Every structure is written in C-alpha cells, then in structure tokens.
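Converting from the sequence shown to the numbering used here requires adding 474 to each position, the first position being numbered 1.
C-beta atoms are modelled at their ideal positions from N, C-alpha and C, and glycine is treated no differently.
Please read these numbers as outputs of a predicted model, since none were measured by experiment.
Remarks on the structure that follows.
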Amino acid sequence: MGILNRLTSNRHAGDADSAWNRPNLQGPEVLSISSPEFNDGESLPLECASPRVGGTNRSPSLIWGALPPETATLVLVMEDLDVPLGKPFVHCLAILDPTLLTSPDRLAAGALSEVAPVPGLRLMRSTIDQGYQGPYPPKGSGIHRYTFQLFACSEPITDPSSGSELGQLKPRDVLSQVSSPVIGRGRITGTFQR
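Written out as structure tokens, the structure is:
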C-alpha cells in the first residue's frame, strides 16, 4: 500500500455531503432506478470505468419509473461516496428536459458522453471535467460506491443571476441553483474496486 493510501485509508467522503442529503434536493423517494448492466449494490462493468483502469468511460444505461406529471426538469448526479476526500467526488452532473428526450424514462449506454450528448441532455462540469467520468479509485483503496441520483423538479433550472452560465459553475454550485420543489427522486449504486 502506498504512502498516500496509508494516510487516507480511514478517510471516506461518505453520504452525509452527497447530493442526496442536500436540503434543497429533499423530496419523495418515488422514482425507481435500474440498469440492465448492474444491480443496486453490485459492481459496475469495466466498460463504465475510466480508460486509466482499462474501461472505455461509457456511462451505463439507466431506466427509471414514471415521472410525476409536473416534472419540468431532471437532475442526474453520479458521485463517489468513498473517495478519500472531505466530500463526494462528482463523476457526472447533467440536467435533462424530459420533453426532449427520445425516451423520457431512460438513458441509453453512453448517453452521458461529452462527445455526443443526446437531445434534451445538458452536461455540466463534474469535479474534473465535463460529461461522464468513469470510476478510477486509488489503487488499494477498497470498494468504492458510485451512486447515480435522479431528482425530478417541478420547474426548470435557470442560469444564476450573477451572469454566469450553469455549465461554468462547479457541481455544488449548480446543485445549489435547484430552487423548485423536488417532486420525486431515486438512486442506484454501483461499486468498483482496483
């Protein structure tokens, strides 16, 4: 085990500071999320991981149940809850317009790619880049949980009054812009280990 892993072995971001627990993203847990590629709590396929560990950075397929009828916007966040930092690491953040999605109840594999995002999908910055960033946990740091969280909002998310565009903001700042009620939410967790 390297010195960095020894120094951070007892430190994990945890769920407390995840998007799921932000006060402005609380709402009824009425959305069921699944994937044909992994079950909740099971390992993500290697293809979904970073190229640095042999993957292809392909986002997994995600399927969710019927949205509340008042849904105007969906917010999708993927976070690593076990990163050895103070807060979860955002691997992907996207805003979706369900009226423009080809299928309003799913995203196909690879849909979160920065290269060719699907209609109705607006990719935001993640912690390190834009678009989906596959798992790349520190070697020897154990199993990491990657949670895909979906929030249905009753109003669109607008650019902040400061004049900045949402796409320029850090992930936590984008999530702070959600001011309309969350009328439904759900999550699924995949794991990955090196």
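- Contacting residues, own chain, Cβ-Cβ under 8 Å from T573 (five flanking each side not counted): For T573, where only same-chain residues beyond five positions count, the Cβ hits under 8 Å are G594.
- Message: What does the alpha-carbon distance come out to for the pair P609 and P534?
- Response: One C-alpha to the other measures close to 12 Å.
- Count the CB pairs spanning the segment 615–628 and the segment 573–588 that are closer than 8 Å, and state whether there are at least three. As far as the Cβ criterion goes, the segment 615–628 does not touch the segment 573–588, which means the pair count is below three.
- At which residue ranges does the segment 475–552 contain complete alpha helix (DSSP H) runs of 4 or more residues, listed in the order of the chain? Here the runs fully enclosed are 477–482.
- What residue from I569, C522, E544 and R599 has the CA that sits closest to F563's CA? Here the closest residue by C-alpha is R599.
- To which residues of the same chain is E511 closer than 8 Å at the C-beta, ignoring the five residues directly before and after it? Cβ within range, chain order: L518, P519, C522, P534, S535 and A583.
- Which partner residues does D554 have in the DSSP bridge list? Per DSSP, F563 and Y620.
- How is L597 classed by DSSP in three states: helix, strand or coil? If DSSP states are grouped into helix, strand and coil, L597 belongs with the strands.
- Item | Close beta carbons around P655, own chain, < 6 Å, minus the five adjacent residues each side | If we look at P655 and ignore the five residues flanking it on each side, its Cβ neighbours are S628.
- Task: Using the Cα positions of P612 and L505, report the straight-line distance between them to the nearest angstrom.
- Result: Each residue's alpha carbon lies about 32 Å from the other.
- Query: Are the beta-carbon atoms belonging to E516 and G664 less than 8 Å from one another?
  - Reply: At a Cβ-Cβ threshold of 8 Å, E516 and G664 count as neighbours.
- Item | Cβ-based burial, P558 [other Cβ within 10 Å; buried from 16] | Burial call: buried.
- Sequence-distant residues of the same chain with beta carbon closer than 6 Å to R630, five excluded per side: It should be noted that the sequence gives Pro, not Arg, for residue 630. Spatial neighbours of P630 in its own chain (CB-CB distance under 6 Å, excluding positions within 5 residues in sequence) are listed in chain order as A546 and T547.
- Neighbourhood of V551 by C-beta, 6 Å cutoff - its chain only, sequence neighbours within 5 removed: Within the same chain, V551 has close Cβ partners A493, L567 and Q623.
- Query: Under 8 Å between the Cβ atoms of D556 and A490?
  - Reply: No; because the gap between Cβ atoms is not below 8 Å, this pair is not in contact.
- Separation of V652 from G658, as counted between CA atoms: If you take the alpha carbons of G658 and V652, they lie about 13 Å apart.
- Beta-carbon proximity list for R596, same chain, < 6 Å, skipping 5 on both sides: If we look at R596 and ignore the five residues flanking it on each side, its Cβ neighbours are I569.
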